[in-house]
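Novice:
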Amino acid sequence: MPKSIVLLRNLSLLSIGNNQIVSLPNPFALEKLVTFSAPNNLLKEVPVSLKDCKDLEVLDLSGNPLRPEFWSLVLQLKKLRQLSPQPPTRSTH
0 MPKSIVLLRN
10 LSLLSIGNNQ
20 IVSLPNPFAL
30 EKLVTFSAPN
40 NLLKEVPVSL
50 KDCKDLEVLD
60 LSGNPLRPEF
70 WSLVLQLKKL
80 RQLSPQPPTR
90 STH
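Residue numbers for the sequence shown follow numbering that gives the first Met the number 0, so the first one is 0 and each next one is one higher.
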């Protein structure tokens with residue numbers, strides 16, 4: 000994925016599923032991004048700067064081998080309404 004993607008300041012939808020992408024540009028601060036769909040890639044992590052996508056409402060990273068740290072980053076996305084995959088549930092045992 001080209002690092003120049005972050006120059007598209009008015010980008011509101013980015014769909015890059017099924018492409019064997021292993022990393023995203025850093026920083027990844029697309030301020031007007033509303034929908035980011037990148038299922039079935041090889042992403043283990045996303046840049047911390049994803050939290051700067053303040054308008055992000057839909058995030059689909061299903062089918063990626065994401066590390067557990069991803070979930071704390073997702074909590075910082077205040078407008079997020081739709082998330083795939085769902086966070087793992089904690090056992091109450």
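Where is the CB? At the ideal position from N, CA and C, for every residue including glycine.
Three-state secondary structure (DSSP) at S48?
Specialist: For this step, residue 48 is matched to residue 49 along the sequence shown. If DSSP states are grouped into helix, strand and coil, S48 belongs with the helices.
Novice: Give every residue of the same chain whose Cβ lies closer than 8 Å to the Cβ of L32, excluding the five residues on either side of it in the sequence, and list them in chain order.
Specialist: Looking up residue 32 in the sequence shown gives position 33. Excluding sequence neighbours, L32 sits near L10, S11, L12, L13, C52, D54 and L55.
Novice: Going along the chain, which residues of its own chain have a beta-carbon closer than 8 Å to the beta-carbon of I93, five neighbours each way excluded?
Specialist: Residue 93 falls outside the range modelled here, since the chain spans only 0 to 92, and no answer is possible.
Novice: Taking the DSSP output, what are the residues bridged to Q81?
Specialist: The residue you call residue 81 lines up with position 82 of the sequence shown. Q81 pairs with V57.
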